[in-house]
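To keep things clear, I will list the structure first and then write my remarks on it.
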Amino acid sequence: MSAAIELKDVSKFFGPKHAVEHVTFDVQEGHCYGLIGPNGAGKTTTFSMMCGFLFPTTGSLRVLGVDPCEPGALKGKVGVLPQDAILPPTWPVGALLTYFAELSELPSPQSEARAALERVQLPETWNVLAGSLSHGMAKRVAMAQALMGSPPVIFLDEPTAGLDPKIAASVRNLIRELKGKHTVVVSSHNLQELEELCDATAILDKGKLVSAATMAEMTGATAEFRVQIARGAVPLAEVKALSGCRDAKLEANNVLAVWFDGQGVQPEEIITRVVALLAERNVLILGVWRGKRLEEKVLQLT
Amino acid sequence: MEDLKEIGAVWRGETTRALKTGRVVVLLVLFLLFVGLALTGVGLLANQLVATAMKSSPDVDPEQVKQGLMAARKQFLMQFLTDDETMAESLAALPLALLVVFKLTLRFVPLFIALMGFDQLAGEVGPKSIRYLIVRVKRSSIIFGKFLSQATIFALLLTVCTLVMVGVSKLLNPEFGAAELTVWTLKLIGSSLVLALAYLSLTALCSALVRQGAVALVLNIIGLFVIWFLSLAGEYFRFPGEAISGQLDQLRPDSWAAYLRYLSVWHFGQDLLHPDWTRFTAAAVMHLGFASTFLGLAQLALKKRDL
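Protein sequences, first through last, are from chains A and B.
First residue of the first sequence? That's 463 in our numbering, and the numbers climb one at a time after it.
First residue of the second sequence? That's 14 in our numbering, and the numbers climb one at a time after it.
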């Protein structure tokens with residue numbers, strides 16, 4: 463698998479303000495990649511540089527092997543859902559999407575536009591003015607334009623922000639369908655959503671990259687797991703003595719955290735051993751999950 | 014070829030959108046109201062002057078009165094519109110009302126163009142809707158496509174208004190012949206379009222420089238004032254060593270500042286109605302030159318900007 467997007471030592475300064483500093487990471491082809499960070503971390507700036515909206519101050523950025531700021535270099539190859547770009551209000555939705563499809567030189571613009579609207583479940587908005595759409599509908603229409611022509615790379619900035627839970631779930635399903643067939647970059651504050659969707663992720667804080675890794679590495683899914691204890695005394699020393707176990711400790715809310723040698727032992731083996739030991743010692747458990755929540759990792763790093 | 018396709022697509026989309034919005038209708042109505050009001054006012058005044066001239070000399074041959082009026086019209090033109098005799102003679106063939114209203118219209122064309130297109134780019138950069146375009150087409154195609162769209166809309170509005178102007182003038186001046194009328198209609202439309210190119214480009218430039226439509230409009234108006242100022246300041250002075258040819262020239266000091274007029278596209282607008290083709294061509298080339306410069310700067314501004 464090769465890198466669809468490469469950022470090498472990319473920085474962006476707005477006057478004296480350093481919005482992004484020396485950021486380096488790759489997005490593999492076909493991956494769903496998450497951009498994470500608190501407000502002002504530089505997510506949208508990084509996202510905008512990848513889309514060719516902003517010019518990097520220093521460093522090199524390639525999308526599908528070309529500089530995204532090069533005129534016409536990514537025509538028809540990327541679809542973008544920008545976070546705060548307003549759809550031109552005086553256009554009817556159908557005419558607007560058809561216009562965008564014409565600009566992208568798609569073979570049958572009107573049917574592309576109709577199909578994209580169907581995909582976001584908004585065919586009834588064809589004749590509605592873009593300016594009179596609700597926030598959620600406008601977001602889905604913007605999503606529709608990003609999907610038109612099935613571009614190999616799709617950038618989605620806050621795709622579910624402001625959507626009701628049902629629609630947000632359908633958008634997540636849509637992104638899930640894109641995985642593997644397209645390279646998808648998602649910038650979001652919704653960490654649960656990113657954990658569920660993404661293969662890899664980059665965490666930014668104050669304009670700097672604090673971590674870039676696969677989701678499994680990020681959440682420690684290959685080297686740690688947690689057990690939610692209902693009641694009973696956890697035999698911590700015995701757990702630590704199990705073969706393959708590197709460490710164990712009781713965390714807040716009666717959660718047993720276990721670290722293991724990911725290279726030497728398979729997760730299912732060590733999980734079974736620990737659960738069996740706990741059952742033997744009459745410790746009742748409520749659940750087991752691998753790694754730590756992405757949210758915990760982000761809070762720890764930022 | 015690829016670029017032309019892109020420009021064509023932007024032009025089609027933007028023109029269709031603009032024609033469906035209320036702004037074009039409002040501008041057309043304003044333009045027509047202005048033309049109608051000015052034509053009626055100036056037409057009535059001109060007819061009254063003719064009638065007074067006829068009444069004051071009842072014994073004189075009407076043909077002589079007409080010739081006298083033609084001479085008076087030429088003198089009026091030389092006094093207020095041009096100091097070029099050939100030009101004044103040519104323009105004197107037009108009904109005075111039509112000429113005055115047309116000249117007045119030309120004075121307002123730059124402002125009209127600014128009102129029509131001040132937000133063509135700034136209006137999309139501010140709310141970032143331009144981002145939907147720049148992932149699909151080159152930034153230069155957006156500039157040229159939008160410029161052509163503005164030019165098309167302006168040409169449509171101008172044609173409608175000129176036809177109304179000429180039509181009303183024909184009603185007020187039945188002696189204005191059909192052939193003459195056709196030639197002058199084409200001349201008026203053609204010269205206005207050439208004149209408009211430079212101002213359409215200036216508006217595109219101002220709109221490409223800033224993020225807010227209102228700021229672009231203010232910048233555009235400031236730009237127009239600078240253009241008018243440079244032209245007026247240049248014409249206030251005589252060229253160093255230029256001979257004094259009239260009483261007015263005695264009041265004009267000679268200075269290198271006279272060359273300032275050449276920095277203003279406004280200065281070249283006069284010759285767009287000149288009967289001498291070389292003068293017309295030179296003026297048209299200057300307008301195209303200014304248009305290319307403004308449009309080139311607009312392209313540069315958008316190309317190098319974060320959007």
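Backbone N, C-alpha and C define an ideal beta-carbon position, used for all residues, glycine too.
No experiment lies behind these values; they were computed from the predicted model shown.
Residue 153 (chain B) and residue 312 (chain B) closer than 9 angstroms at C-beta: It is a contact, given that the beta carbons lie within the stated cut-off.
Chain-order list of residues whose beta-carbon lies under 8 angstroms from that of residue 213 (chain B) (same chain, five-residue window excluded): For residue 213 (chain B), same chain residues with a beta-carbon under 8 angstroms away, outside a window of 5 residues either side, are 126, 130, 160, 163, 164, 167 and 304 in chain order.
Residue 686 (chain A) (DSSP reduced to helix, strand or coil): In this structure, DSSP gives residue 686 (chain A) an extended state, which the three-state scheme calls strand.
Per-residue burial, residue 29 (chain B) [other beta carbons within 10 Å of its own, 16 or more giving buried]: Exposed, since its Cβ has fewer than 16 Cβ neighbours within 10 Å.
Beta-carbon spacing of residue 487 (chain A), residue 519 (chain A) below 9 angstroms: In this structure, residue 519 (chain A) does not lie closer than 9 angstroms to residue 487 (chain A) by Cβ.
Backbone secondary structure at residue 707 (chain A) - three-state DSSP: DSSP places residue 707 (chain A) in strand when its eight states are reduced to three.
Contacting positions in the segment 544–556 of chain A - beta carbon closer than 7 angstroms to chain B: Contacts with chain B (Cβ-Cβ distance below 7 angstroms) from the segment 544–556 of chain A involve 544, 546, 547, 548, 549, 550, 552 and 553, listed in chain order.
Within-9 angstroms CB hit, residue 146 (chain B) to chain A: Taking Cβ atoms only, chain A reaches closer than 9 angstroms to residue 146 (chain B), which makes this a yes.
Residue 589 (chain A), buried or exposed, once every other Cβ within 10 Å from all chains shown has been counted against 16: Answer is exposed; the Cβ neighbour count stays below 16.
Within chain E, the residues that residue 34 (chain B) reaches when beta carbons sit closer than 7 angstroms: Judged by its chain identifiers, the structure shown contains no chain E, and its protein chains are A and B.
Contact the segment 59–70 of chain B vs the segment 193–200 of chain B: 3+ CB pairs below 8 angstroms: With the rule of 3 Cβ pairs closer than 8 angstroms, the segment 59–70 of chain B does not count as touching the segment 193–200 of chain B.
Contact check, residue 124 (chain B) vs residue 40 (chain B), beta carbons under 9 angstroms: No, Cβ-Cβ distance for residue 124 (chain B) and residue 40 (chain B) is not below 9 angstroms.
Chain-order list of residues whose beta-carbon lies under 7 angstroms from that of residue 279 (chain B) (same chain, five-residue window excluded): For residue 279 (chain B), where only same-chain residues beyond five positions count, the Cβ hits under 7 angstroms are 240, 241 and 244.
Between the CA atoms of residue 689 (chain A) and residue 506 (chain A) - distance to the nearest angstrom: Taking the straight line joining both Cα atoms gives about 36 angstroms.
6 angstroms CB neighbourhood of residue 704 (chain A) in its chain, flanking five on each side removed: Taken in chain order, the residues that qualify are 735.
Close Cβ partners of residue 186 (chain B) (< 7 angstroms) along its chain, the five nearest in sequence each way excluded: Short of 7 angstroms from the beta carbon of residue 186 (chain B), and not among the five residues preceding or following it, lie these beta carbons of its own chain, in chain order: 108.
Any chain B beta carbon closer than 9 angstroms to residue 491 (chain A): Contact of residue 491 (chain A) with chain B is not assigned, every C-beta pair being separated by 9 angstroms or more.
Sequence ranges, beta strand (DSSP E) only - wholly within the segment 579–667 of chain A, length at least 3: Within the segment 579–667 of chain A, the complete beta strand (DSSP E) segments of 3 residues or longer fall at 615–619, 645–649 and 662–667, listed in chain order.
Limits of the alpha helix (DSSP H) - the one that residue 114 (chain B) falls within: Residue 114 (chain B) -> alpha helix (DSSP H) spans 109–130.
Whole-angstrom C-beta distance between residue 663 (chain A) and residue 499 (chain A), which should lie under 8 angstroms: About 10 angstroms separates the two Cβ atoms, so there is no contact after all.
Boundaries (first-last residue) of the alpha helix (DSSP H) holding residue 546 (chain A): Neither: residue 546 (chain A) is in no alpha helix (DSSP H) and is coded neither H nor E.
Residues of the segment 130–142 of chain B with Cβ closer than 8 angstroms to any Cβ of chain A, in chain order: Those residues of the segment 130–142 of chain B that come within reach of chain A (Cβ to Cβ, closer than 8 angstroms) are 137, 140, 141 and 142.
CA nearest to the CA of residue 42 (chain B), picked from B:77, B:84, B:27 and B:174: With distances taken between Cα atoms, residue 42 (chain B) lies closest to B:174.
Partners in chain A for residue 26 (chain B), counting only beta-carbon separations shorter than 8 angstroms: Those within 8 angstroms of residue 26 (chain B) in chain A are 561, 564 and 565.
For residue 722 (chain A), the first and last residue of its enclosing beta strand (DSSP E): 717–722 is the span of the beta strand (DSSP E), which, as asked, contains residue 722 (chain A).
Residues, ordered as in the chain, of the segment 146–168 of chain B that lie near chain A by beta-carbon distance below 9 angstroms: Listed by position, the residues of the segment 146–168 of chain B near chain A (Cβ gap below 9 angstroms) are 146, 147, 148, 149, 150, 151, 152, 153 and 154.
Spatially closest choice to residue 504 (chain A) from A:545, A:666, A:566 and A:541, by CA coordinates: When each option's Cα is compared against that of residue 504 (chain A), the closest is A:666.
Under the three-state DSSP convention, the category residue 10 (chain B) falls into: Examination of residue 10 (chain B) is not possible in this model, given that chain B is present from 14 through 320 alone.
Validate contact between the segment 583–601 of chain A and the segment 612–632 of chain A using beta carbons, cut 8 angstroms, 3 pairs: Yes: the two stretches touch, three or more of their Cβ pairs being nearer than 8 angstroms.
Contact set between residue 320 (chain B) and chain A, taken where Cβ atoms lie within less than 7 angstroms: The contacting residues are 515.
Residues within the segment 208–228 of chain B neighbouring chain A, beta-carbon criterion of under 8 angstroms: Listed by position, the residues of the segment 208–228 of chain B near chain A (Cβ gap below 8 angstroms) amount to none.
Contact between the segment 245–260 of chain B and the segment 203–217 of chain B (3+ Cβ pairs under 8 angstroms): Taking 8 angstroms as the limit for Cβ pairs, the verdict is that the segment 203–217 of chain B does not touch the segment 245–260 of chain B.
Separation of residue 580 (chain A) from residue 637 (chain A), as counted between CA atoms: Near 15 angstroms, if we compare the C-alpha coordinates of residue 580 (chain A) and residue 637 (chain A).
Cα-Cα separation, residue 511 (chain A) to residue 594 (chain A): If I take the Cα positions, the gap works out to 30 angstroms.
Alpha-carbon spacing of residue 340 (chain B) relative to residue 307 (chain B), whole angstroms: Because chain B is modelled from 14 through 320, residue 340 (chain B) falls outside the range shown and cannot be assessed.
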